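S.K.:
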Amino acid sequence: MAGKRVFSVCGMCTVRCPIQVEVEDGGCVFIQGNPHAAGIEGAICARGASGMALVDSDERPRQPLIRTGERGEGKWRKASWDEALDYVADRLREVREKHGPETVLFSDRGGPFKDLHEAFVRGLGSPNYSNHDASCSANVNHAALSVFGFGRKDMVYDYKNSRHVVLQTRNIFESINVKEVNDLLEGMDNGCKLTVIDIRATATAAKADDFILIRPGTDYAFNLAILHVLLAERLYDADFAAMWIENLGDLIQFVQPYTPEWAEGETGVDARRITALTRELARSKPAVIWHAGWMTSRYNDSFQVSRSIYLINALLGSVGARGGLPLASKPGDVGRKGLKKLVDLFPKPAVKRADGVGWKYRHFSSGAGLLHLAFKAIETGEPYPVRAYIAYRHDPLMGFPDPEAVKAVLRKLDLLVSVTFSWSDTAWFSDVVLPLSPYLERESIIASKSGLKPYFFCRQRALEPRFDTKADWEILCGLANRLDMTPLAFGSIEAIREYQLEGTGVAMDDFGATGMVSLAEKPKYRKVEELKFATPSGRIEIVSEKLQAQGLHSLEPYEHREGPPEGKYRIAFGRCAVHTQGHTVNNPVLNELMPENVLWLNRTEGEKMGIRDGETVEVTSGSQCGRIRVKLTEHIHPEAVFMVHGFGHRLPAETLAFGKGILDNDFMPGGLEMWDKAGGGLAMQEHFVSIRKLA
Ligand SMILES: Nc1nc2c(c(=O)[nH]1)N[C@H]1C(S)=C(S)[C@@H](COP(=O)(O)OP(=O)(O)OC[C@H]3O[C@@H](n4cnc5c(=O)[nH]c(N)nc54)[C@H](O)[C@@H]3O)O[C@H]1N2
Ligand SMILES: Nc1nc2c(c(=O)[nH]1)N[C@H]1C(S)=C(S)[C@@H](COP(=O)(O)OP(=O)(O)OC[C@H]3O[C@@H](n4cnc5c(=O)[nH]c(N)nc54)[C@H](O)[C@@H]3O)O[C@H]1N2
Ligand code: SF4
Ligand SMILES: [Mo]
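According to the numbering used here, the sequence shown is numbered sequentially starting from 1098.
1) Please confirm whether any heavy atom of ligand 3 lies closer than 7 angstroms to the CB of I1273.
2) Excluding the five sequence neighbours on either side, which residues of its own chain have a C-beta within less than 6 angstroms of the C-beta of R1159, listed in chain order?
3) For L1690, tell me which candidate among A1754, E1656, H1734 and V1727 has the shortest Cα-Cα distance.
4) Along the chain, where does the alpha helix (DSSP H) that runs through D1307 open and close?
5) With distances taken between CB atoms, is the gap from S1718 to H1491 smaller than 8 angstroms?
6) Just reading off the beta strand (DSSP E) that A1471 is part of, what are its end residues?
7) Using a threshold of 7 angstroms, is the CB atom of G1648 nearer than that to any non-hydrogen atom of ligand 1?
8) Figure out for me which residue from I1163, I1342, G1362 and F1526 has the closest Cα to the Cα of A1318.
9) Pick helix, strand or coil for Q1350, following the three-state DSSP scheme.
10) Within 10 angstroms of the Cβ of M1149, are there 16 or more other Cβ atoms? Answer buried if so, exposed if not.
11) What is the C-beta distance between F1351 and L1585, in whole angstroms, given that I count them as a contact (C-beta under 8 angstroms)?
12) Which complete beta strand (DSSP E) runs does the stretch 1633-1709 hold, if anything under 3 residues is left out?
13) Quick one: any contact between the stretch 1251-1268 and the stretch 1282-1300, if contact means 3 or more CB pairs under 8 angstroms?
14) Please find out if some non-hydrogen atom of ligand 1 comes closer than 7 angstroms to the beta-carbon of N1688.
15) Given a cut-off of 8 angstroms on the beta-carbon distance, is the pair V1253 and P1423 in contact?
16) With a threshold of 8 angstroms on Cβ separation, who are the neighbours of A1791 within its own chain once the five nearest residues in sequence on each side are excluded?
17) Give a single yes or no on whether F1670 has its beta carbon closer than 7 angstroms to a heavy atom of ligand 1.
18) Going by DSSP in three states, K1250 sits in which element: helix, strand or coil?
19) Let me know the beta strand (DSSP E) ranges lying completely inside the stretch 1343-1416, each 3 residues or longer, listed in chain order.
20) Any contact between the stretch 1402-1411 and the stretch 1240-1254? By contact I mean 3 or more CB pairs, one from each, below 8 angstroms.
21) Given 8 angstroms as the limit, is there contact between the stretch 1194-1201 and the stretch 1168-1176, that is, 3 or more CB pairs closer than that?
22) Output the boundary residues of the beta strand (DSSP E) element that contains C1125.
23) Beta carbon of G1435, beta carbon of S1545: below 8 angstroms?
24) Any heavy atom of ligand 1 closer than 7 angstroms to the beta-carbon of D1492?
25) For W1341, collect the residues of the same chain with a Cβ closer than 6 angstroms to its Cβ; drop the 5 residues on either side in sequence, then sort them by chain order.
26) For D1441, count neighbouring Cβ atoms within 10 angstroms of its own Cβ and tell me buried if that reaches 16, exposed if not.
27) Is E1731 near N1684, with beta carbons less than 8 angstroms apart?
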């Protein structure tokens, strides 16, 4: 049989790169990045290339399952889709009728396909749509909102044209977004300089022109000193500042005491390096990028770290600049019409959010709220009880701190449903598991991506499902049908796409040649004069009214950070290039590349305890205890230990991942209560562990 070529979208991680899949005899023979996508041009990462191993794996939910034993016991009965969807719909109806529609909570992984999810939640009559962001980028997003009035994704990192890129808490070559990696490498080929600020030497640090090893958790001090030098030496872009920055005088006064010499004492970085970096950036301005961070749910001042970064970019005039942070264009900005939104099928519910966002916490963006605060509502019943929770492509039992505390919260629910393509701790703890087809076996609604050249893109089904699994739209429209949410009860993906494309001037056939439809001829750099900041003043704001009204400081004085308690180490974590969060450890191909995580420990510290490289040690925090192999290295700060997140699986259904390595989240007792009050992100690196050599 002749092969076919299918344009689709990778689903191995949150980035969702456009891909091209070669199919022969009903099986996938090759996956590559979509050759037509700018910045991708055929490239894919190791995880993306391992998509077939996910499809081939039998160790994933293969048909709908309804719990028969206790929660988490792993006892199920198999159900048909009709039975499972009827069951979920009946339970949801009960909850809605007894307690009100607002007592249903839904969370997902955000991203370009969320419109369908939001529509579903609205159709139910609940305001409680949420996502994972409290454990990922809530702090940086709120920082962008507080400074510019728009979110972090409303700006583009224009690496290709940059002259100097600074990455702080950002491991770009291992924590991957394929286009970003390619763009930065191209920029570096053209002479762009790379400075990396990290607590350990990563693959990214190894490629940097300058690597700055910083004391964990002191980045805000470092950045305040950069601001100090920029302002004291008048190195900033004075014209840009005069035109666009509100209340600059407040910042000048505020950073006055934060000299590089002061910061050296806090960060361990030589004052001369701080001054030299500032001067170098000023020489390259405005084509400079100081990355504002991605996984920023780390400290109780992470929001201020990101905020200070945005202010540094603003002072360097890089906001809106080519080679800096130009504004992303949406379809409307290039004279086109955006996709018609499914969420608009239903009116916005009048009832307030359970997480308090938008009314109790007015400084947070209410689009997706904050999930840990919704968990608080489950726990306390305030402002109203939450009775049902749908974890959609989301595994908070592995992604949120202190899984035992999360379990205690989830136990209070009348209904917990998990929609997933692999096993996860949350799925295992659920009442019903609705198995999603892996992305190669499902199609999705049309998605839109803003950027210098905005485009629509489409995930087509490359393969027929091997097991009794379904696509997102089949599951959600199937539930909508049963719950009398008629407008969302679409009977085919074609009907949904037709609705989405209405009025856009784009037809499905237009996706045929490349899998995407570009909405602009060439990249659009909007002129500074055209910039519109969505703040009350219309300018970049150093003082945010929203923060002040909440009793928070726009300019937060730096709080001295003590070292770890005697004999303890700060827990630090991050990603590796070959795994995605907690859900690829059981993928046979990726498991072979990296079956377990190890603990990075500073060599001198290890030797003090008589620990040798490669030996297994005991890690404890509170009542939690685990064993892991040690990697002794001089390339990590002595105050911290580091492990790759997402290991330590305990599910019998995952034989490859079972018992390999440990899970960082287990060592964060009380972590649900520890979060940055200004940015909303969980503070997952405010925890310490003890290390013990085994006898
Ligand atoms: N301690 C600690 N906690 C962390 C982190 C950390 O480094 N350390 N990282 C944080 C970060 S940055 C994030 S984003 C969150 C992530 O937290 P989660 O979003 O919960 O993590 P994933 O493992 O990506 O979970 C996605 C789940 O959706 C299922 N799924 C279904 N369909 C798809 C699909 O099409 N694609 C994908 N990719 N998954 C699908 C997967 O099987 C998986 O079970 O965790 C955060 N929590
Ligand atoms: N391969 C792969 N790629 C991914 C993902 C994946 O799971 N796997 N997930 C995607 C997602 S959801 C996200 S959010 C992004 C995350 O992308 P990043 O935010 O870049 O990822 P991380 O690896 O969590 O962390 C970056 C670095 O922060 C450092 N760090 C820790 N503490 C400190 C500190 O106090 N100061 C400083 N300066 N540095 C510190 C860590 O050592 C680590 O090298 O990656 C995305 N890409
Ligand atoms: S970064 Fe890799 S895993 Fe993530 S979507 Fe792109 S190709 Fe897939
Ligand atoms: Mo993330």
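From the three backbone atoms N, C-alpha and C, an ideal C-beta is built for every residue, glycine too. From a predicted model like this one, the values you see are computed outputs, not experimental measurements.
M.R.: Straight from the coordinates:
1) The answer is yes for I1273.
2) Excluding residues within five positions, the ones whose Cβ falls inside 6 angstroms are F1564.
3) Nearest of A1754, E1656, H1734 and V1727 to L1690, Cα basis: A1754.
4) That residue, D1307, is in no alpha helix (DSSP H); its beta strand (DSSP E) goes D1307 to L1310.
5) Going by beta carbons, S1718 and H1491 fall outside the 8 angstroms limit.
6) Segment L1468 to T1477 is the alpha helix (DSSP H) holding A1471; no beta strand (DSSP E) there.
7) For ligand 1, not one heavy atom lies less than 7 angstroms from the Cβ of G1648.
8) Ranking I1163, I1342, G1362 and F1526 by Cα distance to A1318 puts G1362 first.
9) Helix at Q1350.
10) Label assigned to M1149: buried.
11) The pair is not a contact, with the Cβ atoms about 50 angstroms apart (cut-off 8 angstroms).
12) Look at the stretch 1633-1709 and you find these whole runs of beta strand (DSSP E), each 3 residues long or longer: 1665-1671 and 1696-1699.
13) The stretch 1251-1268 is in contact with the stretch 1282-1300.
14) Incorrect: N1688 has no Cβ contact closer than 7 angstroms to ligand 1.
15) Cβ distance < 8 angstroms, so V1253 and P1423 count as in contact.
16) It should be noted that the sequence gives Leu, not Ala, for residue 1791. Hits under 8 angstroms: E1712, T1713, V1714, E1715 and R1724.
17) Closer than 7 angstroms to some heavy atom of ligand 1: that describes the Cβ of F1670.
18) Residue state, collapsed to three classes: helix.
19) With a minimum length of 3 residues, the continuous beta strand (DSSP E) runs that stay inside the stretch 1343-1416 are 1385-1387.
20) Yes, they touch.
21) No, the stretch 1194-1201 does not touch the stretch 1168-1176.
22) Residues G1124 to G1130.
23) Cβ distance < 8 angstroms, so G1435 and S1545 count as in contact.
24) Inclusion of D1492 in the 7 angstroms shell around ligand 1 follows from its C-beta lying nearer than that to a non-hydrogen atom of the ligand.
25) For W1341, same chain residues with a beta-carbon under 6 angstroms away, outside a window of 5 residues either side, are R1636 and I1637 in chain order.
26) Around the beta-carbon of D1441, fewer than 16 other beta-carbon atoms lie within 10 Å, marking it exposed.
27) No, these two residues do not count as a Cβ contact at 8 angstroms.
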